[in-house]
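Notes to accompany the following structure.
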Amino acid sequence: MRLERNRVMKVLVVEGDPSLAGFFKALIENWGHQAERCVGGRDALRMFKRNAYDLVLLEVLLPDMRGDELISRIKEVYPETGFVAMTDKNSRELEALVRQQGILYYMVKPFEIESLNALLEHLSRKSQKSAVWR
Numbered sequence: 728m729r730l731e732r733n734r735v736m737k738v739l740v741v742e743g744d745p746s747l748a749g750f751f752k753a754l755i756e757n758w759g760h761q762a763e764r765c766v767g768g769r770d771a772l773r774m775f776k777r778n779a780y781d782l783v784l785l786e787v788l789l790p791d792m793r794g795d796e797l798i799s800r801i802k803e804v805y806p807e808t809g810f811v812a813m814t815d816k817n818s819r820e821l822e823a824l825v826r827q828q829g830i831l832y833y834m835v836k837p838f839e840i841e842s843l844n845a846l847l848e849h850l851s852r853k854s855q856k857s858a859v860w861r
């Protein structure tokens with residue numbers, strides 16, 4: 728039986744807390760993916776001007792921009808980019824607002840790190856089979 732290796736994804740971590748952004752970046756790289764980090768929506772938009780990313784791990788409550796707005800602006804130019812939204816201030820209204828943008832997954836902090844790893848493995852396999860997420 729031949730085991731297929733998961734596709735290496737290019738991931739952008741957008742997190743308002745610089746130390747948490749660095750933590751997620753290090754984890755994602757340790758799991759075999761490429762990762763970059765930034766600390767706000769404006770920074771994320773600048774990063775997208777230089778690079779395309781397969782996946783964005785996004786804190787939805789950024790200091791300079793709402794996550795749903797950032798997703799919308801990025802998807803205008805890069806519609807195939809996938810988004811995993813996360814927050815520690817969850818509400819039904821916030822979740823509904825973010826889900827309307829067509830995200831792949833919504834996570835409430837704190838969450839088990841292993842669940843993020845499993846999600847990235849799943850998305851990596853899924854993206855390997857198809858050029859689009861849906």
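Numbers 728 to 861, taken from my numbering, label the letters of the sequence shown in order.
The beta-carbon is built from N, C-alpha and C at its ideal position, and this holds for glycine as well.
Quick caveat, the model's predicted, so the values are computed rather than measured.
Pairwise C-beta distances place the stretch 758-769 out of contact with the stretch 802-816, as fewer than three of them are shorter than 8 Å.
When DSSP assignments are scanned along the stretch 772-854, the uninterrupted stretches of alpha helix (DSSP H) that are 4 or more residues long and fall wholly within it turn out to be 794-804 and 819-826. By the Cβ criterion, the stretch 763-777 is in contact with the stretch 732-748, since at least three pairs of Cβ atoms, one from each stretch, lie closer than 8 Å.
With a 10 Å radius around the Cβ and a threshold of 16 neighbouring Cβ atoms, Phe838 comes out exposed. Here the alpha carbons of Leu846 and Ala812 stand approximately 12 Å from one another. Classified as buried, Ile830 has 16 or more neighbouring CB atoms from the shown chains inside 10 Å of its CB. Contact between Asp791 and Leu824 does not hold, since their C-beta atoms are separated by about 17 Å, which reaches or exceeds 8 Å. Residue pairing of Glu763 in beta bridges, as defined by DSSP: Leu739. Taking the Cα positions, Phe751 is about 16 Å away from Leu850.
The Cβ neighbour count for Ala748, taken over all protein chains shown within 10 Å, is at least 16; the residue is labelled buried. Here Asp744 carries a coil assignment [DSSP, helix/strand/coil].
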